[in-house]
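Heads up, the thing below is written out as structure tokens.
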Amino acid sequence: MGSLSLLKPLFFFSYRPILIPSPFFRRTRTRSFNITSLGTSQPLITAQNNNFKSNGDTLSESFSSGLKNAPSLWFYNTMTKKKESFKPKLDSKVGMYVCGVTAYDLSHIGHARVYVNFDLLFRYFKHLGYEVCYVRNFTDVDDKIIARGKEVGEDPISLSQHYCEEFCQDMVTLNCLPPSMEPKVSDHMPQIIDMIDKILSNGYAYVVDGDVYFNVENFPEYGKLSGRDLEDNRAGERVAVDSRKKHPADFALWKSAKPGEPFWESPWGPGRPGWHIECSAMSAAYLGYSFDIHGGGIDLVFPHHENEIAQSCAACQKSDVGLWMHNGFVTIDNEKMSKSLGNFFTIRQVVDLYHPLALRYFLMGAHYRSPINYSHIQLESASDRVFYIYETLHECESFLIEHDQTVRKDSVPTDTLTIIDNFQNVFLTSMSDDLHTPVVLAGLSEPLKSINDLLHTRTGKKQKFRVESLAALEKSIRNVLTVLGLMPARYSEVLQELKEKALKRANLTEDEVLRKIEERSCARIEKEYAKSDAIRKDLAVVGITLMDSPNGTTWRPAIPLPLQDHHIDSL
């Protein structure tokens, strides 16, 4: 290999030296990169323990189970097609690589599902006391990015940088914690070129006119992840049909430069990497060739992850990923989401009408490996459910502010402690069993009902140690919501935001709703009950329900009346 200066990109943007932080799970000074210093499987970077502290995301010490008391973890492994007991390769440390977005457009709800799922896994490992290095890359050099750049007349690297930033904002909106590392392809050309050179040296690739192709016939295990036979494989997504290839399934490791495209110098001439090699190179650079978890959407099993396995094993025989983890598709009204079908929704489009925490709740409402159907009724149902959760907790919080919150030892009644223990057991058991979030969300019902009983029923109001029970129940729910990424900064704030989203969907202002309430009150005084009922129904049709009490009439969001039959059918 030549010196680092030969790897300078020659198009669109100036050279910047690459800085490589300290080795995996060690803390030493950041050092400059020297390509000759790379060992066969030496990781380049470490996880810094993310003490993310925002929007209630600090995990409760009293609730954290700690590694000594951590339950046995079982996850489904796409490689073996079965659930397996999870044991990290390094004690108390987890290395996790998740394939990130190709940044050329705004992210859609399929992306949201992937990254909410792995954010949940990240949070749960941290909750259990593991030190986690979570690496999620950005693809910022790719055919799709170059094509979009030409389409809009913009430098593809600048275009991709813009959409990387937009993606990060979407992740903040969805309350996803930042990963430990977010490497970009354009910053890792030395590592990519070094890996391609190893693959060539080991006899698994060949050069044709400045292009470098992986020779799948020289890798007998090709297809072991997807279960596909080699003869069934043909040139597919992002793999051009090329008569120069020895086998149709051979895929590009390096693409020779074309006029008007960004390129970097390499031993095979100027060009840029193929799609798959980037993740093999960056996962090895940050986690080593042997690490715990590699994840992504089910659509990446083939060809992307299949090709990653071939590349990584060809570069290093000791390459080994302990667990391959994939989430299911998102469908739109039971059809596959597709731009060509016109049923393609970006995250921005969804959260314009629905609260981001409602979207996050919806995405957790099905097991991560199952397909999930996106529809208005599903989002309305999720919105209705999170409003109930936060309204209950807000009422509880308001009550506790007005009363003595000191919880004395052994002062919580046995029946309340039983509810809390059952809830925590459901949470730990279900999350440790392949992230079974639907069971966890269903488990919220009992402690929430208990809070409402203590707040509003005659029996509950008379219960001994009522304040202590409410404080303990609220805390147990809050801690679980924190791990799930569903804990808002303030209950009152999220309730107001949910109401504002409901008004937008109903095409109403709050003043208009209040005028309808006043008009209905006048009709009731005048005993015009037909008019009163019509006003209530008109509002219910658009998702606004009225609640009468001795103190007057208020409103809250609800599932629109025409959708309620569908909601009942889906239960």
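The opening residue of the sequence shown carries number 46 in my numbering; numbering runs sequentially from there.
We put the beta carbon where it would ideally sit given N, CA and C, even for glycine.
Since the structure is predicted, the reported quantities are computational estimates derived from the model, not experimental observations.
Once the 5 residues before and after residue i are set aside, which same chain residues still bring their CB inside 6 angstroms of it?
{"i": "G194", "result": "P201 and L204"}
{"i": "H339", "result": "Y142, V366 and W369"}
{"i": "V525", "result": "F472"}
Could you check where the alpha helix (DSSP H) with residue i kicks off and where it finishes?
{"i": "F432", "result": "H421 to I446"}
{"i": "H256", "result": "The question names His, but residue 256 in the sequence shown is Asp. Careful: D256 lies outside any alpha helix (DSSP H), inside the beta strand (DSSP E) at D256 to F259."}
{"i": "I244", "result": "M234 to S246"}
{"i": "T504", "result": "R503 to K506"}
{"i": "S137", "result": "Note, S137: premise wrong, no alpha helix (DSSP H); not H, not E."}
{"i": "G316", "result": "Per DSSP, G316 belongs to no alpha helix (DSSP H); it is in the beta strand (DSSP E), G316 to P318."}
On the three-state DSSP scale, how would you describe residue i?
{"i": "S205", "result": "helix"}
{"i": "G333", "result": "coil"}
{"i": "K363", "result": "coil"}
{"i": "V346", "result": "helix"}
{"i": "D478", "result": "strand"}
{"i": "N596", "result": "coil"}
{"i": "S604", "result": "Sequence inspection shows Ile at residue 604; the Ser mentioned does not correspond to that position. If DSSP states are grouped into helix, strand and coil, I604 belongs with coil."}
{"i": "D610", "result": "helix"}
{"i": "C178", "result": "strand"}
{"i": "N95", "result": "Low confidence applies to N95: its pLDDT is 36, below 50, so where it sits in the model is not reliable, and the reading given next is rough at best. Three-state result, N95: coil."}
{"i": "P401", "result": "helix"}
{"i": "Y142", "result": "strand"}
{"i": "K381", "result": "strand"}
{"i": "V395", "result": "helix"}
{"i": "L584", "result": "helix"}
{"i": "A148", "result": "coil"}
{"i": "F11", "result": "Residue 11 is absent from the structure shown; the chain starts at 46 and stops at 616."}
{"i": "G340", "result": "strand"}
{"i": "M409", "result": "helix"}
{"i": "R71", "result": "Reliability fails at R71, whose pLDDT of 42 lies under 50, so the model's placement of it is uncertain and no value is given."}
{"i": "L270", "result": "coil"}
{"i": "S352", "result": "Looking at the sequence itself, residue 352 is Asn, so the reference to Ser does not match. Note: N352 maps to helix in three-state DSSP."}
{"i": "I63", "result": "Because I63 sits at a pLDDT of 34, beneath the cut-off of 50, its placement in the model cannot be relied upon, and the following sentence gives the value as read from the coordinates. Correct three-state label for I63: coil."}
{"i": "N497", "result": "helix"}
{"i": "N372", "result": "strand"}
The beta strand (DSSP E) with residue i in it runs from where to where?
{"i": "C221", "result": "Segment: none, C221 is in no beta strand (DSSP E) and carries neither H nor E."}
{"i": "L298", "result": "F296 to S301"}
{"i": "Y536", "result": "Looking at the DSSP string, Y536 is not in any beta strand (DSSP E); the run it does join, the alpha helix (DSSP H), is Y536 to A551."}
{"i": "N114", "result": "That residue, N114, is in no beta strand (DSSP E); it is neither H nor E in DSSP."}
{"i": "K128", "result": "K127 to S130"}
{"i": "F167", "result": "Looking at the DSSP string, F167 is not in any beta strand (DSSP E); the run it does join, the alpha helix (DSSP H), is I154 to L173."}
{"i": "N122", "result": "W119 to N122"}
{"i": "V253", "result": "A250 to V253"}
Please report the Cβ distance between residue i and residue j, rounded to the nearest whole angstrom; I am assuming they are in contact, meaning their Cβ atoms lie under 8 angstroms.
{"i": "S117", "j": "S475", "result": "At roughly 13 angstroms, the Cβ-Cβ gap does not stay under 8 angstroms, so S117 and S475 are not in contact."}
{"i": "R168", "j": "G410", "result": "With 8 angstroms as the limit, R168 and G410 do not qualify as a contact, their Cβ atoms being about 17 angstroms apart."}
{"i": "E306", "j": "I465", "result": "Actually they are not in contact, since the Cβ atoms of E306 and I465 sit about 60 angstroms apart, beyond 8 angstroms."}
{"i": "L445", "j": "E519", "result": "7 angstroms"}
{"i": "E425", "j": "P605", "result": "7 angstroms"}
{"i": "L404", "j": "V396", "result": "6 angstroms"}
{"i": "F336", "j": "S328", "result": "7 angstroms"}
{"i": "W299", "j": "I241", "result": "6 angstroms"}
{"i": "G342", "j": "H350", "result": "Contact doesn't hold; Cβ gap of about 10 angstroms is too wide."}
At a cut-off of 7 angstroms, would you count residue i as near the ligand SAM, judging by its Cβ distance to the nearest heavy atom?
{"i": "I238", "result": "In the structure on display, the ligand SAM does not appear, and there are no ligands present to speak of."}
Quick one: what's got a C-beta closer than 7 angstroms to residue i's C-beta in the same chain, skipping five residues either side?
{"i": "T437", "result": "L493, I496 and N497"}
{"i": "N379", "result": "N418"}
{"i": "S566", "result": "T598"}
{"i": "A115", "result": "L173 and G174"}
Starting from the C-beta of residue i, find all residues in its chain whose C-beta is less than 8 angstroms away, skip the five residues before and the five after it, and write them out in chain order.
{"i": "Y406", "result": "A427, R430, V431, L486 and L531"}
{"i": "Y334", "result": "T85, S86, S357, A360, C361, K363, S364 and D365"}
{"i": "E266", "result": "I354, A355 and C358"}
Are the stretch 286-294 and the stretch 232-244 touching, with three or more C-beta to C-beta distances below 8 angstroms? Cβ pair count under 8 angstroms is below three, so no.
Is it true that the stretch 216-231 meets the stretch 535-544, where meeting means three or more beta-carbon pairs spaced less than 8 angstroms apart? no
contact_flag[the stretch 240-250, the stretch 182-197] where n(CB pairs < 8 angstroms) is 3 or more: no
Taking contact to mean 3 or more Cβ pairs, one atom from each stretch, closer than 8 angstroms, check whether the stretch 374-389 and the stretch 149-168 are in contact. yes
Could you check whether the stretch 579-598 touches the stretch 540-555, counting it as contact only if at least three pairs of C-beta atoms, one from each stretch, sit closer than 8 angstroms? yes
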